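Protein chains in written order, with my numbering: chain E, 1 to 134; chain B, 1 to 158. Here a beta-carbon is modelled for each residue, glycine too, at the ideal position from N, C-alpha and C. Since the model is a prediction, treat every value here as computed from it, not as a measurement. Report on one structure; see the data block that follows.
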């Protein structure tokens, strides 16, 4: 089963709709790492709301994806981890501390907007100025 | 006489005795494991079986995650095996037993396998210690060259 990767402005949005086999997950990883460069995306949102189980393999692959995408110069945020899944991940001893997470798609978009906007500098009639002082 | 007693014990261990004292044999569900799609199938069947016993949705997720880890161990290390799920009853409690059986390479040092972070492949090495934490009871038997049997139980809260 292929997972669709949607382009939304400068972001890519991936909504996982059903349980993924190991092979599906690796395909998603490879597809995303390529697409993020091809489409010059600034950020990636992976929505896992529909996943009822995240085992060590799925979690490790999501972590790999986030790290690879960071190496490609973009940000990743995982959204929609269900309460039961969060509980199971903690019991399993899995650590997603180095991966950004948000409650849902909306929060994920807000997070990426904040993260990818270059703060501090803006160009106006007076030229380049430090917006933090303005 | 002794033969009869033994048969009763066997019957009780694989069945749920209703309150009137008679017992109805509940067939166990065996799921062959040979590829990564079987991992998904096993945890879905396991969740469905456990939900019939009245587990909370959190417990169902823990059980499904444990089955996923056990099935993955079979695919990674033994290539083939079987996951069996069946209900159990102990005094007042209902529970589920998950048995993962394979005839793979087995493990020489079980204690080492059960340490967090230990792994012979590139996994996080959290599989079996993780399963032990997800479930209430955990037993493992392994012999190099013969295979591995993991028996894990989870009880419903009464």
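- At a cut-off of 9 Å, the C-beta of residue 4 of chain E has no neighbouring C-beta in chain B.
- The shortest CA-to-CA distance from residue 33 of chain E to any of E/21, E/51 and E/13 is the one to E/13.
- In summary, the residues of the segment 40 to 59 of chain B whose CB is separated from some CB of chain E by less than 8 Å are 40, 43, 44, 47, 57 and 58, in the order they occur in the chain.
- Following the DSSP letters along the chain, one finds residue 19 of chain E in no alpha helix (DSSP H), marked with neither H nor E.
- Residue pairing by DSSP leaves residue 128 of chain B without any beta bridge partner.
- Here DSSP, grouped into helix, strand and coil, assigns residue 90 of chain B to strand.
- Shown here for residue 110 of chain B: same chain residues with a beta carbon closer than 6 Å to its own, the five before and five after excluded, namely 140 and 142 in chain order.
- Between the alpha carbons of residue 55 of chain B and residue 71 of chain E lies a distance of about 42 Å.
- When 8 Å is used as the limit between beta carbons, residue 21 of chain E is near these residues of chain B: 36, 37, 39 and 40, in chain order.
- Here residue 85 of chain E is not near residue 108 of chain E, since their CB atoms are 9 Å or more apart.
- If the five residues before and after residue 62 of chain B are omitted, its C-beta is found closer than 8 Å to the C-beta atoms of 134, 135 and 154, all from its own chain and listed in chain order.
- CA-to-CA, the gap between residue 97 of chain B and residue 44 of chain B works out to about 15 Å.
- If you draw a straight line from the Cα of residue 44 of chain E to the Cα of residue 113 of chain E, it is about 11 Å long.
- Burial is judged here by how many other beta carbons sit within 10 angstroms of a residue's own beta carbon; residue 73 of chain E has fewer than 16 and is exposed.
- Residues are counted here when their Cβ sits less than 7 Å from a Cβ of chain E; for the segment 66 to 82 of chain B these are 68, 69 and 72, given in chain order.
- Nearest CB-CB separation between residue 133 of chain B and chain E: below the 9 Å threshold.
- Under a 10 Å Cβ-count criterion, residue 83 of chain E is classified as exposed, with fewer than 16 other Cβ atoms of the shown protein chains found around its own Cβ.
- When secondary structure is reduced to three states using DSSP, residue 100 of chain E falls in the strand class.
- Scanning chain B for C-beta atoms nearer than 9 Å to the C-beta of residue 91 of chain E yields 62, 65, 130, 133 and 134, reported in chain order.
- Excluding its 5 nearest sequence neighbours in each direction, residue 7 of chain E has C-beta neighbours in its own chain below 6 Å: 39, listed in chain order.
- Around residue 146 of chain B, the same chain offers 106 as residues with beta carbons nearer than 6 Å, after the five sequence neighbours per side are excluded.
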